[in-house]
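First the structure, in the form of structure tokens, and then the observations on it.
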């Protein structure tokens, strides 16, 4: 009988296997970009999924984190049964200098222009 | 009876309607990124579709140019029956300073790393 536990092996591309196309695709979704912006504000820290107060279902949230992980944008690790997430900034900056910062700046500029704010963070 | 002529009205977002998500999505596809890289090397010039020697069918090529146009990455205009394409660099740079340059630099770095070259240009 299967259990409700997720598979314990989480696939991540090695730094040299990260590709620009999947990274841009991962960042092109507004919900995923929100996640990345929130993580970038807490540099180096790890966040559980529930940290991000996202206007989507849990399964959609899981999907978005998987896209971010499989593209190489973030790293997910288990701490007990919780997945913790951290931005792979060192890998991205080494491969694509300035790219992540310019995307974050563009997102900030657009949010200012449109009067959007990052959602309040969960507990 | 319909003719083979494409509709003559080509929709473009105004500068203020260009959004980061669709721009990143447009740039996330390898073929579209090739087109943008080739155009960026000829700053300000206009190119016909046939300029780009792309390994895709004509209808796929048309699709890619439409995605680039509708996201605001390039402008398409008719000159006679030919569509000419130009990068909307001024609009993109005004909205998202440094973004296009960092994506182009990232694409160059990746191509160098993987030993890829831009395709030979058509006639």
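Chains as they are written, first to last, in my numbering: chain A, 719 to 841; chain B, 719 to 841.
Glycine included, C-beta positions come from ideal geometry on N, C-alpha and C.
Values in this document were obtained by computation on a predicted structure and should not be read as measured data.
Mark residue 825/B as exposed unless 16 or more other C-beta atoms lie within 10 angstroms of its C-beta, in which case mark it buried. Your numbering for residue 825/B matches position 107 in the second chain. The residue is buried, with at least 16 neighbouring Cβ atoms inside 10 Å.
What distance in whole Å lies between the Cβ atoms of residue 746/B and residue 743/A, which are believed to be in contact at a cut-off of 8 Å? In the first chain, the residue the question calls residue 743/A occupies position 25. In the second chain, the residue the question calls residue 746/B occupies position 28. The Cβ separation is near 4 Å, so the contact holds.
Just verifying my parser: in three-state terms, what is the DSSP assignment at residue 771/B? Within the second chain, the letter at position 53 stands for residue 771/B. Correct three-state label for residue 771/B: coil.
Can you pull the chain A neighbours of residue 816/B, defined as C-beta to C-beta under 9 Å? The count along the second chain starts at 1 and reaches residue 816/B at position 98. By Cβ distance, chain A contributes 816, 819, 820, 823 and 824.
Examine chain A for any beta-carbon lying closer than 8 Å to the beta-carbon of residue 737/B, and answer yes or no. Sequence index remark: in the second chain, residue 737/B carries index 19 (1-based). Taking Cβ atoms only, chain A reaches closer than 8 Å to residue 737/B, which makes this a yes.
For residue 732/B and residue 800/A, what's the separation of their Cα atoms in angstroms? Position 14 of the second chain holds residue 732/B. Position 82 of the first chain holds residue 800/A. Roughly 44 Å between the two C-alpha positions.
Per DSSP, residue 766/A is paired with what? Along the first chain, one-based indexing puts residue 766/A at 48. Residue 766/A is bridged to 802/A.
Which residues, in chain order, does the stretch 801-812 of chain A contribute to contact with chain B at a C-beta distance below 8 Å? Those would be none; no residue qualifies.
Taking a cut of 8 Å between CB atoms, which residues from the stretch 743-758 of chain B lie near chain A? Against chain A - using a Cβ distance shorter than 8 Å - the residues of the stretch 743-758 of chain B are 743, 745, 746, 747, 748 and 751.
What are the boundary residues of the beta strand (DSSP E) that includes residue 793/A? What you label residue 793/A is simply residue 75 of the first chain in a count that begins at 1. Per DSSP, residue 793/A is one residue of the beta strand (DSSP E) stretching across 792-797.
Does the distance from the C-beta atom of residue 797/B to that of residue 738/A stay below 8 Å? By one-based count along the second chain, residue 797/B stands at place 79. By one-based count along the first chain, residue 738/A stands at place 20. In this structure, the beta-carbon distance from residue 797/B to residue 738/A does not fall below 8 Å.
In terms of residue numbering, what span does the alpha helix (DSSP H) encompassing residue 808/A cover? Here residue 808/A is taken as the residue at index 90 of the first chain, counted from 1. Element bounds for residue 808/A: 807-813.
Shorter than 7 Å, the distance from the beta carbon of residue 823/B to the closest heavy atom of the ligand PLP, or not? Within the structure as shown, the ligand PLP is missing, as the structure has no ligands at all.
Anything in chain B within Cβ reach of residue 827/A, meaning under 9 Å, just list it in chain order. Mapped onto the first chain, residue 827/A falls at position 109. By Cβ distance, chain B contributes 738, 813, 814 and 815.
Any C-beta of chain A under 8 Å from that of residue 786/B: To locate residue 786/B, count along the second chain from 1; it is residue 68. Residue 786/B has a beta carbon lying at 8 Å or more from every beta carbon in chain A.
For residue 822/B, report the span of its alpha helix (DSSP H) as first-last. Within the second chain, numbered from 1, the residue matching residue 822/B stands at position 104. Counting along the chain, the alpha helix (DSSP H) containing residue 822/B begins and ends at 817-832.
Would you report the Cα separation of residue 781/B and residue 793/B, rounded to the nearest angstrom? Counted from its first residue, the second chain places residue 781/B at position 63. Counted from its first residue, the second chain places residue 793/B at position 75. Roughly 14 Å between the two C-alpha positions.
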